[in-house]
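To keep things clear, I will list the structure first and then write my remarks on it.
Numbering (the working numbering), first residue to last: 795 to 1165.
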């Protein structure tokens, strides 16, 4: 491949990574682009997990051998078996040089596991290029050729160094995009999902309900006493209350497989559950009320539950499920109930949720009058 061909390969690799819709697709595009650019038979990208002291393979691409999977669940190797990823980087470029790829061959005399791995898998040569993000070793790009094909040379190593830099730039961009996506769907104070994430999950859940009858439940929670904490102890303590309740909500949500715990805003939170029966959702919500009442700050929580597993009538949109759960929560708050109020098991809640605005206002006043 001439200079023009290599330039096209670099551009193609960068474009393929940029066009990928998910991190996994991006890493696969990087491995494939590098393999094709270097006329390799096989390519892999691995990440250095410092806390585990291991190189974890993210993707294998090309001609796979026995035991190799495209996206291995847990293919990893101790870094002391491949010390180049640590020693080479620190010694060679921490002092001012740049990260540089190197070549190894199955028949070479270089000590270490790479030669053994090449021979075991019928590959004759490989080029290994460090991937560096933000000045730190992130992992490596590995491209190999089968036995009988021309061996990699120093020019290939130079080119692999360039490819690894392009891969690093793509990975950095992906990490920024993932962080942006995460922030777009996450409440920054509690780390729970936000209203945007809830709306999307509820729409998906109700589609599952329409297709297959999956039980969809929504728990709306109003944290009692937040304003009093803010006014008497300061907003820092109010934030602490929100964080602590968020942790309790997360813990209880984990009792419902696949549930989404979220902060809607202010002192309002919710749980979205898909699958578990309504009785189980109510049981978990009762546990949530008990745990919230035991918090040092605040005055417990008012919870309303609306579930397609209860007699609430047809639920054609997430808006109606929200109206039902919100009406149930309103009644729980007005009654200072230590337990959740459940739409459908309390017919007044369904009537309130489905009432016209003027009628609903009158019903709310009646709730307050009974409290």
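The beta-carbon is built from N, C-alpha and C at its ideal position, and this holds for glycine as well.
Under a Cβ-count criterion, where at least 16 other Cβ atoms within 10 Å of its own Cβ denotes burial, should residue 995 be classed as buried or exposed?
buried
Look at the Cβ atom of residue 988, then the Cβ atom of residue 980, and state whether they are nearer than 8 Å.
Taking C-beta atoms as the reference points, residue 988 and residue 980 count as a pair closer than 8 Å.
Length of the line joining the Cα atoms of residue 900 and residue 836
The alpha-carbon atoms of residue 900 and residue 836 are separated by roughly 15 Å.
Please report how far the alpha carbon of residue 864 lies from the alpha carbon of residue 807, in whole angstroms.
Near 18 Å, if we compare the C-alpha coordinates of residue 807 and residue 864.
Counting C-beta neighbours from all protein chains within 10 Å, is the total for residue 868 16 or more, i.e. buried, or is it exposed?
exposed
Along the alpha helix (DSSP H) that carries residue 817, what are the first and last residues, could you check?
817-831
Beta bridge counterpart(s) of residue 871 as assigned by DSSP:
849
Identify every residue that forms a DSSP beta bridge with residue 936.
838 and 922
Do residue 1119 and residue 1013 have their C-beta atoms closer together than 8 Å?
Result yes, Cβ atoms of residue 1119 and residue 1013 sit closer than 8 Å.
Does DSSP classify residue 844 as helix, strand or coil?
Residue 844: coil per DSSP, three-state reduction.
If you check the beta carbons only, do residue 956 and residue 921 fall under 8 Å apart?
no
Three or more C-beta pairs below 8 Å linking the stretch 1135-1146 and the stretch 1019-1033:
no
For residue 1108, count neighbouring C-beta atoms within 10 Å of its own C-beta (all shown protein chains included) and say buried if the count is 16 or more, exposed if not.
exposed
According to the neighbour-count rule (16 or more other Cβ atoms, all chains shown, within 10 Å of its Cβ), is residue 1079 buried or exposed?
Buried.
On the criterion of 16 or more Cβ atoms from any shown chain inside 10 Å, does residue 1102 qualify as buried, or is it exposed?
Note on residue 1102: 16 or more other CB atoms within 10 angstroms of its CB, so buried under the neighbour-count rule.
Between the beta-carbon of residue 949 and the beta-carbon of residue 918, is there less than 8 Å?
no
Exposure label - residue 984; buried when at least 16 CB within 10 Å:
buried
What three-state label does DSSP hand residue 854 in the structure shown?
In this structure, residue 854 counts as strand in the three-state DSSP scheme.
Please confirm whether residue 1043 and residue 1092 have their CB atoms less than 8 Å apart.
no
Separation of residue 803 from residue 1054, as counted between CA atoms
Cα to Cα, residue 1054 sits roughly 43 Å from residue 803.
Using the Cα positions of residue 944 and residue 814, report the straight-line distance between them to the nearest angstrom.
32 Å
Integer Cβ distance of residue 937 from residue 832, believed to fall under 8 Å
5 Å
With a threshold of 16 other CB atoms inside 10 Å of the CB of residue 1057, please say whether the residue is buried or exposed.
buried
What are the boundary residues of the beta strand (DSSP E) that residue 1011 is part of?
1010-1017
Would you kindly report the start and end of the unbroken alpha helix (DSSP H) that includes residue 900?
First-last for residue 900: undefined, no H or E at that position.
What is the DSSP secondary structure of residue 865, reduced to helix, strand or coil?
coil
Top-ranked residue by Cα proximity to residue 1037, from 809, 1008, 849 and 1089:
Scanning 809, 1008, 849 and 1089 for the CA closest to the CA of residue 1037 turns up 1089.
Does the separation of the CB atoms of residue 1083 and residue 1133 fall below 8 Å?
yes
Extent of the continuous beta strand (DSSP E) run through residue 1067
1062-1068
Per DSSP, cross-strand counterpart(s) of residue 1054
According to DSSP, which records beta bridges pairwise, residue 1054 is partnered with 1066.
Leaving out five residues on either side along the sequence, give the residues of the same chain with a beta carbon under 6 Å from the beta carbon of residue 851.
838, 840, 866 and 869
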